[in-house]
Amino acid sequence: MNITLRIWRQAGPDAEGAIHEYQLHGVSEDSSFLEMLDILNEDLFARGEEPVAFDSDCREGICGMCGLVINGVPHGNHSPDPKDNATTCQLHMRSFKDGDTITIEPWRSKAFPIIKDLVVNRNALDRIIQAGGYISVNTGAAPDAHATPVPKKDADRAFEAAACIGCGACVAACPNGSAMLFTAAKVTHLGLLPQGKPENLRRVTQMLNRMGAEGFGGCTNFGECSAVCPKQVPLDFIAVLNRQLGKAVLSGV
Ligand code: SF4
Ligand code: FES
-16 MNITLRIWRQ
-6 AGPDAEGAIH
4 EYQLHGVSED
14 SSFLEMLDIL
24 NEDLFARGEE
34 PVAFDSDCRE
44 GICGMCGLVI
54 NGVPHGNHSP
64 DPKDNATTCQ
74 LHMRSFKDGD
84 TITIEPWRSK
94 AFPIIKDLVV
104 NRNALDRIIQ
114 AGGYISVNTG
124 AAPDAHATPV
134 PKKDADRAFE
144 AAACIGCGAC
154 VAACPNGSAM
164 LFTAAKVTHL
174 GLLPQGKPEN
184 LRRVTQMLNR
194 MGAEGFGGCT
204 NFGECSAVCP
214 KQVPLDFIAV
224 LNRQLGKAVL
234 SGV
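If you count the sequence shown from 1, position 214 lands on 197 in this note's numbering, and the numbers rise without skipping.
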């Protein structure tokens, strides 16, 4: 395949960025999207030019490091069925056609400052977790797995929430730059399980306060977050979070 790439280049956090155009020839349709960028970087390196900085780690859809906005959509998730969504590292060049032009940009959000080119700082999500995304337990030997029974439907819902890999695509897709889907996934995951319930209302307040302090916007129900989520975290978790917030406010937590 011959493709044209339009890539956001920015030398550093305070530098002015711009779209640069590159031609790539003979790309295999079996290459992953990130392998295609590796090939581009080998070309740039061979020509003595600065390679394009982009993040990745597992390249298996697990770690959440590889977020790119591809043709205007986080992770390039264009399918009308969110079940087909995947991370950027799981996207393959067979999803594109010979002669295509592909525009690649970093996550765009006030809370995710650009470090270089396509790499952004997503530490703000970690700080939301630090604010309350944990349970306070005595350490010691691990209890038997069946010592605390969990109803099957709660276990399934908690598992659905726990699928969130913290990639930040929900933030990048949201017109408000909100991290509500991410925060809702973490709150729902812990709040449904017996070990997490006792601290739930305090957790909700602390995590939402942190979300606001980090510069993420509020949720106005656009639904773009869930539509691009590579792990199919459902939108109704935000309603769960809002109900918990209502309880926290009424109980003065
Ligand atoms: S909710 Fe989905 S899109 Fe948002 S951080 Fe988690 S996995 Fe990524
Ligand atoms: S590199 Fe880990 S999810 Fe893509």
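For each residue, glycine too, the CB sits at the ideal point set by N, CA and C.
Where are the alpha helix (DSSP H) runs, 4 residues long or more, that stay fully inside the region 77 to 120, in chain order?
Whole alpha helix (DSSP H) segments, 4+ residues: 106 to 115.
Hey, how far is the Cα of residue 112 from the Cα of residue 26?
For the purposes of this step, residue 112 is identified with residue 129 of the sequence shown, where counting begins at 1. For the purposes of this step, residue 26 is identified with residue 43 of the sequence shown, where counting begins at 1. Their backbone Cα atoms lie some 39 Å apart in a straight line.
Three or more beta-carbon pairs under 8 Å between the region 157 to 174 and the region 182 to 201, yes or no?
Judged by Cβ distances under 8 Å, the region 157 to 174 makes contact with the region 182 to 201, as three or more pairs qualify.
For residue 213, count neighbouring C-beta atoms within 10 Å of its own C-beta (all shown protein chains included) and say buried if the count is 16 or more, exposed if not.
Working through the sequence shown from its first residue, we reach residue 213 at position 230. The residue in question, residue 213, is buried, as its Cβ has 16 or more Cβ neighbours within 10 Å.
To the nearest angstrom, how far is the alpha carbon of residue 64 from that of residue 210?
Translated into the one-based positions of the sequence shown, residue 64 becomes position 81. Translated into the one-based positions of the sequence shown, residue 210 becomes position 227. Answer to the nearest angstrom: the Cα atoms are 8 Å apart.
Which same chain residues, not among the five before or five after residue 160, have their C-beta less than 7 Å away from its C-beta?
Along the sequence shown, one-based indexing puts residue 160 at 177. Closer than 7 Å at the Cβ level, and outside the excluded window around residue 160, lie 92, 93, 94, 154, 199, 200.
Is the CB-CB distance between residue 35 and residue 83 below 8 Å?
Numbered from its first residue, the sequence shown carries residue 35 at position 52. Numbered from its first residue, the sequence shown carries residue 83 at position 100. Contact flag unset, no.
So which of 37, 28, 45, 32 has the shortest CA-CA distance to residue -9?
Here residue -9 is taken as the residue at index 8 of the sequence shown, counted from 1. Closest option to residue -9, Cα to Cα, is 37.
Determine the direct distance from the alpha carbon of residue 204 to that of residue 222, and round the result to whole angstroms.
The residue given as residue 222 occupies position 239 in the sequence shown. The residue given as residue 204 occupies position 221 in the sequence shown. Cα to Cα, residue 222 sits roughly 10 Å from residue 204.
Distance, Cα to Cα, residue 169 vs residue 30?
For the purposes of this step, residue 169 is identified with residue 186 of the sequence shown, where counting begins at 1. For the purposes of this step, residue 30 is identified with residue 47 of the sequence shown, where counting begins at 1. Taking the straight line joining both Cα atoms gives about 45 Å.
Quick one: is the Cβ of residue 216 within less than 7 Å of any heavy atom of the ligand COA?
Within the structure as shown, the ligand COA is missing, the only ligands being the ligand SF4 and the ligand FES.
Please give me, in chain order, every unbroken run of the alpha helix (DSSP H) with length at least 4 that falls completely inside the region 139 to 184.
Runs found: 152 to 156, 163 to 174.
So residue 7 is in the beta strand (DSSP E); what residue range does that whole segment cover?
Start at 1 with the first residue of the sequence shown, and residue 7 comes out as number 24. Counting along the chain, the beta strand (DSSP E) containing residue 7 begins and ends at 1 to 7.
If the criterion is Cβ atoms closer than 8 Å, does the pair residue 44 and residue 151 meet it?
Here the question's residue 44 lines up with position 61 in the sequence shown. Here the question's residue 151 lines up with position 168 in the sequence shown. Taking 8 Å as the Cβ cut-off, residue 44 and residue 151 do not qualify as a contacting pair.
Residue 227 and residue 183: beta carbons closer than 8 Å?
Sequence index remark: in the sequence shown, residue 227 carries index 244 (1-based). Sequence index remark: in the sequence shown, residue 183 carries index 200 (1-based). Cβ distance < 8 Å, so residue 227 and residue 183 count as in contact.
For residue 114, I'd like the list of residues in its chain whose CB is within less than 8 Å of its CB, leaving aside the five on either flank, ordered along the chain.
On the sequence shown, residue 114 is found 131 positions in, with the first residue counted as 1. Only 189, 190, 192, 193 meet the Cβ criterion.
Based on the DSSP output, what are the partners of residue 15 in its beta bridges?
In the sequence shown, counting from the first residue as 1, residue 15 sits at position 32. According to DSSP, residue 15 bridges with 75.
Buried or exposed: where does residue 77 fall if 16 or more other Cβ atoms within 10 Å of its Cβ makes it buried?
Within the sequence shown, the letter at position 94 stands for residue 77. Exposed, since its Cβ has fewer than 16 Cβ neighbours within 10 Å.
Could you check whether the Cβ of residue 123 sits closer than 7 Å to any heavy atom belonging to the ligand SF4?
The sequence position of residue 123 within the sequence shown is 140, counting from 1. No; taking the cut-off as 7 Å, the Cβ of residue 123 has no heavy atom of the ligand SF4 nearer than that.
Measure how close the beta-carbons of residue 54 and residue 85 come, nearest whole angstrom, since I'm counting them as under 8 Å.
Locating residue 54 in the sequence shown gives position 71, counting from the first residue. Locating residue 85 in the sequence shown gives position 102, counting from the first residue. Right, their Cβ atoms sit about 6 Å apart.
Once the 5 residues before and after residue 163 are set aside, which same chain residues still bring their CB inside 6 Å of it?
Here residue 163 refers to the residue found at position 180 when the sequence shown is read from its first residue. 202, 221, listed in sequence order.
Rounded to the nearest angstrom, what separates residue 5 and residue 145 at their Cα positions?
The residue you call residue 5 lines up with position 22 of the sequence shown. The residue you call residue 145 lines up with position 162 of the sequence shown. Between residue 5 and residue 145, the C-alpha separation is close to 39 Å.
Taking 7 Å as the line, does the beta carbon of residue 164 fall inside it for any heavy atom of the ligand SF4?
Counting from one through the sequence shown, the residue named residue 164 turns up at place 181. Yes, since a heavy atom of the ligand SF4 falls inside the 7 Å radius drawn around the Cβ of residue 164.
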